[in-house]
Amino acid sequence: MRCLKHLYVTDPRDDKQRILETKGGLLKGSYCWILKNDRFQRFRDDPQSPLLWIKGDLGKGKTMLLCGIIDELEKESAKRLSYFFCQATEAQLSSATGVRAKYDTQEEKLFESINAWVPLTDIFMDMLNDPALEDVVLIVDALDECKTKHSELLDFIFKSPSHIKWIVSSRNHCPDIGPRLRNATHTAKLCLEDIGSTICEAVDAYIRHKVDQLICEENYDDKLRYAVQHYLMSHANGTFLWVALVWKEPADPRVPRQHMLTKLTSFPAGLDQLYERMMEHIINSDDAGLCKQILVTVSVVYSPVTLKELISLVESLEEFDQDELKEIIGSCGSFLTLRKGVIYFVHQSAKEYLLDKASNQIVPSGTTDQHHTIFSRSLLVMSRSLRRDMYNLNHPGISIDDVRQPDPNPLASARYSCFYWVDHLSAAVCCLYCAVVLGENIFYENLVASY
């Protein structure tokens with residue numbers, strides 16, 4: 001149990017629950033097709049088929065599909081199931097060492113070194129080689145969002161015992177992953193674009209469900225119901241994400257019934273076109289400056305931040321309370337979503353759009369400059385917040401297990417800065433060098449002199 005405790009990074013069950021809540025829940029009608037799919041059934045039943053690779057373009061519902069598969073496999077009591085959701089928007093979920101299920105005298109120090117991957121895979125391989133271990137299914141979602149050691153992870157998957165079954169998912173065009181999975185022997189490959197009609201039917205089921213919910217809640221007439229449903233089905237192009245983003249408009253209670261269809265039909269088909277329209281709306285809004293600052297900050301941070309942490313990182317937000325900040329975040333199109341006080345991107349593709357195609361609009365000076373800004377703000381936040389014995393423990397030898405977090409937490413606004421200031425320093429090293437040469441000796445004045 002101590003080994004498992006030291007291995008802990010994040011609980012995939014919590015990650016799955018967060019994903020489902022963020023995306024509005026799991027609809028069986030949108031994933032049940034997989035249970036009847038020939039390739040899935042062959043993978044499930046054939047002992048000579050240890051690996052299933054599900055691939056598809058962004059927004060095709062791969063993560064929710066795997067959530068559905070997990071739910072179905074969990075119903076089979078004989079199955080031993082473990083899963084992990086790689087997410088490039090979160091540092092601790094984008095590393096292959098996070099996908100972990102010689103630990104003796106070294107204990108937790110074994111997993112803190114730069115060579116942690118080696119003992120982790122040794123331990124895991126020993127577990128998988130246990131002859132008593134049967135009916136094991138391991139699932140890794142969004143393998144393309146694993147930013148470090150994904151090649152080593154693939155090596156591990158290919159070398160694992162043949163009686164261990166793996167399900168992995170990725171986007172279609174992944175030069176570091178695709179060729180290896182395509183050429184792997186005994187691999188079942190399921191491309192969602194190859195079964196386009198099936199995916200479109202699943203998206204249509206999702207649309208009908210959303211429209212039925214709205215009609216029941218708002219008591220809209222059949223004519224409006226049909227018009228909304230028809231428009232969504234004819235423009236979704238088999239893309240769940242497009243429907244989810246566009247759906248926020250008719251679901252908004254502030255939109256008058258007589259304007260709903262006009263609002264809805266103003267959205268273009270295609271994700272890039274939709275993101276572009278959302279960006280245009282932000283630029284033309286009264287809060288354009290604040291929205292752009294929020295978007296660029298959330299785009300470069302290494303993990304999702306809370307409202308308090310965001311305020312600490314963006315100077316212009318200090319004058320706003322949390323309720324006002326929630327309204328401003330709501331003005332950021334549909335790029336962001338807020339859950340339990342934490343800000344997330346609605347999808348990895350939203351972050352990619354902002355950094356790749358809208359970077360000149362939100363951060364014309366470049367992301368290096370933004371890393372420098374966050375680094376500087378982090379030093380300021382820490383110099384304002386940190387002091388000796390923050391939790392008033394009065395005993396330097398107390399065990400971490402005995403520490404109780406005060407309420408309110410004095411570290412609430414500084415947590416992100418304490419964890420990641422050095423990462424932003426590393427990313428901004430060139431910009432920081434220029435600042436020091438120009439006499440802006442931030443590091444010395446704010447950190448060394450203070451501590």
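The UniProt record's numbering puts the first residue of the sequence shown at 1, with every later residue one more than the last. Note that the Cβ used here is the ideal one computed from N, Cα and C, for glycine as well.
Counted within 10 angstroms of its Cβ, other Cβ atoms place residue i as buried (16 or more) or exposed
| i | result |
| --- | --- |
| Ile362 | buried |
| Thr185 | exposed |
| His173 | exposed |
| Gln87 | buried |
| Ser169 | buried |
| His150 | buried |
| Leu393 | exposed |
| Val301 | buried |
| Ser399 | exposed |
| Val296 | buried |
| Val136 | buried |
Cβ-Cβ separation, residue j to residue i (assumed contact under 8 Å), whole Å
| i | j | result |
| --- | --- | --- |
| Glu145 | Gln348 | 6 Å |
| Tyr206 | Val243 | 6 Å |
| Leu181 | Ser160 | Between Ser160 and Leu181 the Cβ distance is about 14 Å, and since that is not below 8 Å, they are no contact. |
| Lys55 | Arg171 | 7 Å |
Alpha-carbon spacing of residue i relative to residue j, whole angstroms
| i | j | result |
| --- | --- | --- |
| Val140 | Ala132 | 23 Å |
| Gly270 | Asn237 | 8 Å |
| Ser378 | Leu313 | 7 Å |
| Met279 | His395 | 52 Å |
| Arg100 | Thr306 | At Arg100, the pLDDT of 44 sits below 50, so the modelled position is not reliable; the number obtained from the coordinates is stated separately. Arg100 and Thr306: Cα-Cα distance of roughly 27 Å. |
| Asp104 | Asp122 | Caution applies to Asp104, whose pLDDT of 40 falls short of 50 and renders its modelled position unreliable; the value that the coordinates give is listed next. Rounded to whole angstroms, Asp104 to Asp122 spans 13 Å at the Cα level. |
| Leu245 | Phe335 | 9 Å |
| Arg80 | Asp71 | 13 Å |
| Phe240 | Asp287 | 29 Å |
| Ile282 | Ser331 | 7 Å |
| Thr265 | Tyr231 | 7 Å |
| Glu152 | Pro408 | 42 Å |
| Gln273 | Tyr353 | 11 Å |
| Leu425 | Phe419 | 12 Å |
| Leu411 | Phe345 | 24 Å |
Close Cβ partners of residue i (< 6 Å) along its chain, the five nearest in sequence each way excluded
| i | result |
| --- | --- |
| Ile157 | Trp166 |
| residue 452 | Residue 452 is absent from the structure shown; the chain starts at 1 and stops at 451. |
| Ala428 | Thr368, His371, His372, Phe375 |
| Cys291 | Ile282, Ser331, Cys332 |
DSSP three-state assignment for residue i, whether helix, strand or coil
| i | result |
| --- | --- |
| Ile139 | strand |
| Glu72 | helix |
| Leu93 | Residue placement at Leu93 is poorly supported in this model, since its pLDDT is 48, which falls under 50; the coordinates still yield a value, given next. Three-state DSSP puts Leu93 in a helix. |
| Leu81 | strand |
| Trp166 | strand |
| Val344 | In the sequence as displayed, the identity of residue 344 is Tyr instead of Val. In this structure, Tyr344 counts as strand in the three-state DSSP scheme. |
| Arg339 | strand |
| Leu52 | strand |
| residue 452 | Absent from the model: residue 452. The displayed extent of the chain is 1 to 451, so no value can be given. |
| Thr148 | strand |
| Thr306 | strand |
| Phe124 | helix |
| Pro175 | coil |
| Arg387 | coil |
Contact set for residue i: own chain, Cβ-Cβ below 8 Å, skip 5 residues either direction
| i | result |
| --- | --- |
| Gly68 | Leu26, Lys28, Ser30, Tyr31, Cys32, Ile34 |
| Arg257 | Glu218, Tyr220, Leu224 |
| Gln293 | Val314, Ser316, Leu317 |
Same chain only: Cβ atoms within 7 Å of residue i, ignoring 5 sequence neighbours per side
| i | result |
| --- | --- |
| residue 526 | Residue 526 lies beyond the range of the chain shown here (1 to 451); nothing can be said about it. |
| Pro50 | Ser162, Ile164, Lys165, Trp166, His186 |
| Pro250 | Leu214, Val228, Met260, Leu264 |
| Thr22 | Thr337, Arg339, Tyr344 |
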